[in-house]
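Each residue of the first sequence is one higher than the one before, counting from 25 in the numbering used here.
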Amino acid sequence: MAKGRELTPQSQDFSAWYNEIVQQAELASQSPVRGCMVIRPYGYRIWELMQGALDGMFKATGHQNAYFPLFLPKSALDREAQHFEGFAPETAIVTHAGGVELEEPLVVRPTSEAIIWPILSDWIQSYRDLPVLLNQWANVVRWEMRTRPFLRTTEFLWQEGHTAHASEEEAEEETRRMLGVYRTFMEDWMAMPVITGLKTDSERFAGALRTYACEALMKDNKGLQAGTSHNLGQNFARAFDVRYQTEDGEHEFVWSTSWGVSTRLIGALIMAHGDDAGLILPPKLAPYEVVVVPIWRDDEQREQVFEAGERVRIELEKAGVRVHVDAREGMNPGVKYYDWERRGVPLRLEVGPRDVQAESVMAVRRVTPEGADRKLPLPMEGVGRVLRDMLDAIQEETLAAALARRESATVRGLEDYSEFQRLMETDGGFAFTGWCGDGECEQQVKDDTRSTIRVIPDEEFRSPNAPVRCLCGEPSVYEVVRARAY
RNA sequence: CGGGGAGUAGCUCAGUCCGGCAGAGCACUGGCUUUGGGAGCCAGGGGCCGCGGGUUCAAAUCCCGCCUCCCCGACCA
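This is the structure in C-alpha cells:
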C-alpha cells in the first residue's frame, strides 16, 4: 500500500484501499472465474474463527448441523412464486452433465429453501417432530452483476439456518432470537456495533413474511447489511406442502424461518476497523493474537533470542493466546513489523538481546491508545496473564472505538429533504428520519440520493424525539435508518 | 445493459503520438555483508507485447476485426 494514504470517506479512495488490503493482508486473491474468490489461508483462518463462534452459539440455542444438495431441480425453485422471481435472474443453471443434456436443468443453489423444504416435508409428520432446528454450512452461487471481494462474490460461503415450528409466535420468536445471536456475535466477536430492525417490503427476502437485519456502518460511512433473519410464515410450507398433525388430529402447515451470515462478514471486519496501515483485527478473530519478532546480530544472540521466544510462546499458549513466532531469516525486523501490522495482528512482541538481558519483552500494540506509550516493556515473568488481559482490553476498546465512530457519523431528527440530500452527497453515515410508509416515496428517495432505508430500527435504537414528518412532508409512520449502502 | 479506462516479465508500469535489438522498479534464485521501523553490493533466471488478419524491407508501435479485465451506475448477502 502506498505510504501515507488517508482512509477517507470518499468511497473511490476507499475502494482502492479495500482492494489493496485484501491483497496485501493475503486474505483473498482473484479467481480465474468471474467474480469468484480464492480465500487464502490467512483469510480462511478468520472465517474458521467466525464459524467456531457462531456454530457454538447455534448449538447453544438448540440447533443441529446437516447438509443438503448443491443442486436444486429447476421445478423446485418455481414452487414459491416470489422466491422464484427474486432468485431466478441470478442463478447459474446446469443443463448438461455426464455428456448428455439433462431432462430437467439443475440450478446451483442461491439459497437452499427449495431443496430443504421438499425433504423436510417427509421428515415432519406430527407436532412431536417440531420444532425442527437445522443449520447448514455451505457455499451458494448468485450471479450478481457486479462483484467485490468478500462483500459480493459470485460464489460465497455461509451458514443458513432453517427451522420449522408449530405456531406463528414460535417462528417469530426464533426469527428474533437468531437476529439477537447475530448481533451478539457482531458486537462481542467482531467488535462491530450494529443496528437491528425490520426491513421494508422492498428489501424483504423473496418469499418471506418479514425480514430482520443487522446493519453496520463502514469506515467510509456506507451501510452494510451484515446478517438477516427471516420469518417465512407459512409461505414455504404451502409451496412445498409441509404439514404436520396437531394434538387434535388436524393437519396444519408449519411455520418456518431462515437466517444466514456469509463470508461478507470478513469484508465487514476489514471495513469496520481498518486504517491506513492495513487491517485491524479484534483479538477474538485474529488468526494470531500475538506475533513474536526475534531480533539478533550473531549466532550466539540468535540462540538466546529464539530460546526466549520459545519460552514466551509456551507461556502465551498456556494462557490461551494464539501466538506465532516469526522466525523468518534474512529479513529485517522492520519489514516484519509492517507485515504484521498490515495483517492486523493486535499485539507484537519484540524479543532482542537487550530484552533477553533484562528478562523482559517489548510489547507494541497495533493501535496505540490515546496518551499511552507506543512501546511497553514487560517482565518475562507472568507475561501470559498480562497479555491475555491486555488482549481482552483491546477487544473491548475496538468495539468502543467502532461504536464512537458510528455515533459520530449518525444524524437524528432530520426532516428537511434538501438537507438530507446534501448529507448523503457529502458526509454520508446513518440518518434517522421519518417515513410515511409509502413504497413510492421510498423509491423516489433512492432515485434521488442513492440512499435506502436500511432498517426500521428496533425500539432500543429509536430516537427519544422521532421526526413527525417523512422526508416527503407527509406524516411519519415509522422512524427509519437511511444510508447509502453496499 | 449504459458511461469511462486498460491489456507489454509474477506485480506496478514505461515504451505506442513519430515503425528500427523487449525495458524499468519491485518480486524471485545464488553468494557475501546486514538485522531494535520497509537493508546493501555482486551475479542470475524470467516475455505468444490479449487474439486474428492487413500494410511494410521491418510492427508492441500504423489499419481492420475480435476477446478479456478493471472502474462508475442499474441488480444484490
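The beta-carbon is built from N, C-alpha and C at its ideal position, and this holds for glycine as well.
Neighbour-count burial assignment, Ser432, 16 or more Cβ in a 10 Å radius: exposed
Please return the same chain residues whose Cβ sits closer than 7 Å to the Cβ of Asn489, not counting the five positions on each side in sequence. Gly437
In chain order, what are the residue ranges of uninterrupted beta strand (DSSP E) at least 3 long that sit wholly in the segment 437-462? 454-459
Cβ separation of Thr457 and Phe444, assumed to be a contact under 8 Å, to the nearest whole Å: 7 Å
With H, G and I counted as helix, E and B as strand and the rest as coil, what does DSSP make of Lys399? Reduced to three states, the DSSP call for Lys399 is strand.
Continuous beta strand (DSSP E) assignments of at least 3 residues falling wholly in the segment 163-240: 179-189, 219-222
Beta-carbon contacts of Leu157 that lie in its chain and below 7 Å, excluding the five residues immediately before and after: If we look at Leu157 and ignore the five residues flanking it on each side, its Cβ neighbours are Gly86, His87, Gln88, Thr187.
Restricting to Cα atoms, I'd like to know which of Asn356, Met404, Val504 is closest to Ala382. Met404
Close Cβ partners of Asp451 (< 6 Å) along its chain, the five nearest in sequence each way excluded: none
Helix, strand or coil for Val492? Go by DSSP, reduced to three states. coil
Need the endpoints of the alpha helix (DSSP H) that Arg262 sits in, please. 259-264
Between Gly204, Glu198, Arg367, which lies nearest to His297 when the distance is taken from Cα to Cα? Arg367
Rounded to a whole number of angstroms, what is the C-alpha to C-alpha distance between Ala385 and Asp350? Sequence inspection shows Val at residue 385; the Ala mentioned does not correspond to that position. So the alpha carbons of these two residues sit roughly 15 Å apart.
Distance between Arg172 and Ala40 (C-alpha atoms, nearest Å): 11 Å
Would you check if the segment 249-256 and the segment 193-204 touch, i.e. whether three or more CB-CB distances between them fall below 8 Å? yes
Buried/exposed call for Met169, threshold 16 Cβ in 10 Å: exposed
Under three-state DSSP, which class holds Phe92? coil
Hey, Gly302 and Ala90: beta-carbon distance below 7 Å or not? Against a cut-off of 7 Å, the Cβ pair of Ala90 and Gly302 comes out as no contact.
Identify which residue in Gly231, Phe229, Asp212 has its Cα closest to the Cα of Pro307. Asp212
Looking only at DSSP bridge pairs, what is Ser280 linked to? Ala188, Gly257
Could you tell me whether the Cβ atoms of Ala509 and Gly247 are closer together than 7 Å? yes
So which of Val124, Asn245, Ser286 has the shortest CA-CA distance to Val165? Ser286
Between the Cα of Tyr68 and the Cα atoms of Gly204, Phe229, Arg288, which residue gives the shortest distance? Arg288
Got a sec, what are the start and stop residues for the alpha helix (DSSP H) Val336 sits in? 323-342
Distance CB(Val369)-CB(Val329) smaller than 7 Å: no
Simplified DSSP assignment, three categories, for Asn245: Three-state DSSP puts Asn245 in coil, outside helix and strand.
Is the CB-CB distance between Leu222 and Ile480 below 7 Å? yes
Per-residue burial, Asn356 [other beta carbons within 10 Å of its own, 16 or more giving buried]: exposed
Find the nearest neighbour of Cys238 within the set Asn245, Asp244, Ile219, Glu227, judged by alpha-carbon distance. Selected option, being the one with the closest Cα: Ile219.
The beta strand (DSSP E) that contains Thr476, what's its start and end? 476-481
Close-in-space but distant-in-sequence residues of the same chain around Ala343 (CB under 8 Å, 5 per side omitted): Gly408, Arg409, Leu411, Arg412
Write down the C-beta distance between His107 and Gly231 rounded to the nearest angstrom, noting that I regard them as a contact closer than 8 Å. That belief holds up - the Cβ atoms of His107 and Gly231 are roughly 4 Å apart, short of 8 Å.
Determine the closest residue to Glu313 out of Val345, Thr115, Gln325, with distance taken between C-alpha atoms. Val345
Do the segment 114-126 and the segment 148-163 meet, that is, are 3 or more Cβ pairs less than 8 Å apart? no
Compute the beta-carbon to beta-carbon distance between Trp141 and Phe260, rounded to the nearest angstrom, for a pair I have assumed lies under 8 Å. 5 Å
Just mark Thr270 as buried or exposed, buried being the case when its beta carbon has 16 or more other beta carbons within 10 Å. exposed
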